[in-house]
Each structure stands twice: as C-alpha cells, then as structure tokens.
Amino acid sequence: MSEELSKRLGFAKVLRSGRDIEMKPAAQNFTRKTIATGSNEGLLIKSLKDRNTLGILMEGMPSNKLIAMLSEHSKTLFINVNSVIYADQKQQQKLIYLYRKTMHYCKKFKVDICPISLAVSDEQLLSAKQLMLLAKFLGFDGDAKKALGTLGSFYGKKD
Amino acid sequence: MARRIKNRYILAETSIPLDMGNIVNQAELQTRIMQVLGTIGYSYSNPKIMFAGEKQFILRVQRSSEESTMLALSFIKSINGRKLGICTIKTSGTIKSLKEALLK
Numbered sequence: 341m342s343e344e345l346s347k348r349l350g351f352a353k354v355l356r357s358g359r360d361i362e363m364k365p366a367a368q369n370f371t372r373k374t375i376a377t378g379s380n381e382g383l384l385i386k387s388l389k390d391r392n393t394l395g396i397l398m399e400g401m402p403s404n405k406l407i408a409m410l411s412e413h414s415k416t417l418f419i420n421v422n423s424v425i426y427a428d429q430k431q432q433q434k435l436i437y438l439y440r441k442t443m444h445y446c447k448k449f450k451v452d453i454c455p456i457s458l459a460v461s462d463e464q465l466l467s468a469k470q471l472m473l474l475a476k477f478l479g480f481d482g483d484a485k486k487a488l489g490t491l492g493s494f495y496g497k498k499d
Numbered sequence: 029m030a031r032r033i034k035n036r037y038i039l040a041e042t043s044i045p046l047d048m049g050n051i052v053n054q055a056e057l058q059t060r061i062m063q064v065l066g067t068i069g070y071s072y073s074n075p076k077i078m079f080a081g082e083k084q085f086i087l088r089v090q091r092s093s094e095e096s097t098m099l100a101l102s103f104i105k106s107i108n109g110r111k112l113g114i115c116t117i118k119t120s121g122t123i124k125s126l127k128e129a130l131l132k
C-alpha cells in the first residue's frame, strides 16, 4: 500500500504482517515482536510469557482463563475485523455474537483490544473511520482511536 | 414548527474503477445498503449519490444515520457481479469541502 493511500485512508502508518510485525503460531522464544496465533490455549498461554509476544489473534471464543492471563501479562487481544465482513451470513451472526461476548469479558478483566484488518487485497482495505466504527459495532466501549494505535506504539518502542 | 432535514455527505472510494454515475450501479448500491440496514434503517438513512468520479463518489445521507451507513458500506463486497471494497475517506456537512478532497 502506498503512503499516499494510507494517508488518504486516515492512517499515520500501515504495518504489514511478515515485514513490520510477525504473526506466527503460538510457541515460546520468538525472536521479533510477534502476534501469536492458533487455537491451542495451552500453547497460547505459554507464549504470553515471552517478552517478544505482543498479544494473541482471536480465533474462536477465548476462555476466561486466557483472558485473565492476557490481563496478568498486560498483553493485547487482536481482533481481525475482516473475518466478520467476509463470513457467510449465518456465520456472520455467530461471529458478531462471539466478538461482543469476548469484548464484554475483556472489559471486565481490563484487557487491551486492538482491531486489525489483515487485508490481503485492495478490496479488503478499510479506512481508519471504518475500523473504529466496526470496533464499536462489535462491542468495543473504550477509546477506539487509542485502540487502533496500539500496534503503532509497539512498533516505535526500542527494546 | 417543522425541523429542517440535516444531511451529511460521505466521500467514499471503491477499490476498482466503477462508474457510480450509472443508474444501474446506483440502484445496486442502494439495494446492497438496504440488505445490510434493513427497510427501516434504509428509510432513516435515505442515501443518494450526489457526485461520481472514476473511483470516488459522494453519498448524501441523513445526519442521524451517518455512522450506520458508513458501516453498511464496509459490508458491501460486490456490485453487479464485480468484486470490490468501499472505503469511506471523509465525511462533511457540506458537499463543497468533499469536492475539494476529490482526486483530480
């Protein structure tokens, strides 16, 4: 994505998976700043202890234990907003319900949430306004603008 | 005393060049918005295309349903069989400021 397009969409910087931030299946000892993925809760909880883990990408409904561990280690829960948009109609309704329930628990345990788009092609791109509105629609109550900038704050940090 | 209807204008951009000045494409866009918002939501929003360029267009909606219409635009994945995505670039109370922001 060109810088001009990213500015037009309302972003200061667009981070790319694989280049700026890694996204890998949950394991320990990541070498770079990584977002852990996967559905095995045991592995996800282990990866939260790693210093280089920024947080986990939500796949399915995370248990209360996982959300509590996220809060304990001050890690972030990343939500792929495009998974809701590009799902079938029946699955869309289930996903929206799931995300809203998760947001409710994250608010209870005071877990940071960051909506991301994971766009694969141009047609999946979303502007900053749309991301904020989608996050609010999925139940995000807090400061949506601050949540969008969560990844950016990690990117600028030096170890 | 009757209140004046207040509108908002949304500048949106499609991922592929699509002539939104074409009546067929406009009707399809309105149908898609209605599918997402429902009949009631659509009647509150009352969207209408005011200006169309190669990839960008300006949509007029009622002020109270500005956010729901922008959300509905995110859920549109194709128009007349052509896959696309719609991004909302800017919103304003006047059409003049959006025309200035249009790509030349």
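Chains A and B supply the protein sequences, listed in that same order.
Under the working numbering, the residues of the first sequence are numbered 341 to 499, in order.
Under the working numbering, the residues of the second sequence are numbered 29 to 132, in order.
Just so you know, even glycine gets a beta-carbon here, dropped at the ideal spot from N, CA and C.
Residues of chain A with CB under 9 Å from B:N125, in chain order?
-> By one-based count along the second sequence, residue 125 of chain B stands at place 97. The question names Asn, yet the displayed sequence has Ser at residue 125 of chain B. Per Cβ cutoff of 9 Å: no residues; B:S125 is ~15 Å from chain A at best.
Which residues DSSP lists as bridging A:I396, in chain order = The residue given as residue 396 of chain A occupies position 56 in the first sequence. A:A376, A:L417.
Cross-chain neighbours of A:R348 in chain B, by beta carbon under 7 Å = Stepping through the first sequence from its first residue, residue 348 of chain A is reached at position 8. Neighbours of A:R348 on chain B, chain order: I117.
In the segment 101 to 114 of chain B, which residues sit with their C-beta less than 8 Å from some C-beta in chain A, listed in chain order?
-> L101, S102, F103, K105, K111, L112, G113
Report yes or no: is there a C-beta of chain B within less than 7 Å of the C-beta of A:D462?
-> By 1-based counting over the first sequence, the position of residue 462 of chain A is 122. Yes, A:D462 counts as interfacial toward chain B.
Nearest-angstrom Cα separation, counted from A:N369 out to A:N404 | In the first sequence, residue 404 of chain A corresponds to position 64, counting from 1. In the first sequence, residue 369 of chain A corresponds to position 29, counting from 1. So the alpha carbons of these two residues sit roughly 25 Å apart.
Any idea which residues DSSP pairs A:D452 with across the strands?
-> In the first sequence, residue 452 of chain A corresponds to position 112, counting from 1. In DSSP, A:D452 forms a bridge with A:T416.
Pairing CB atoms from the segment 401 to 418 of chain A with CB atoms from the segment 446 to 454 of chain A, are three or more of them under 8 Å?
-> yes
Contact set between B:E95 and chain C, taken where Cβ atoms lie within less than 7 Å = Structure shown: chain C not included; protein chains present are A and B.
Bounding residues of the alpha helix (DSSP H) (the contiguous stretch that carries B:T67) | The residue you call residue 67 of chain B lines up with position 39 of the second sequence. That run of the alpha helix (DSSP H) goes 51 to 73.
So is B:P45 in contact with chain A if we call contact Cβ pairs under 7 Å?
-> The residue given as residue 45 of chain B occupies position 17 in the second sequence. Judged by the 7 Å Cβ criterion, B:P45 is not in contact with chain A.
Kindly list, in the order they appear in chain A, the residues whose Cβ is closer than 7 Å to that of B:M98.
-> Stepping through the second sequence from its first residue, residue 98 of chain B is reached at position 70. Near B:M98 (Cβ distances below 7 Å), the residues of chain A are K469, Q470, L473.
Enclosing alpha helix (DSSP H) for B:I117 [first to last residue] = Counting from one through the second sequence, the residue named residue 117 of chain B turns up at place 89. That residue, B:I117, is in no alpha helix (DSSP H); its beta strand (DSSP E) goes 114 to 120.
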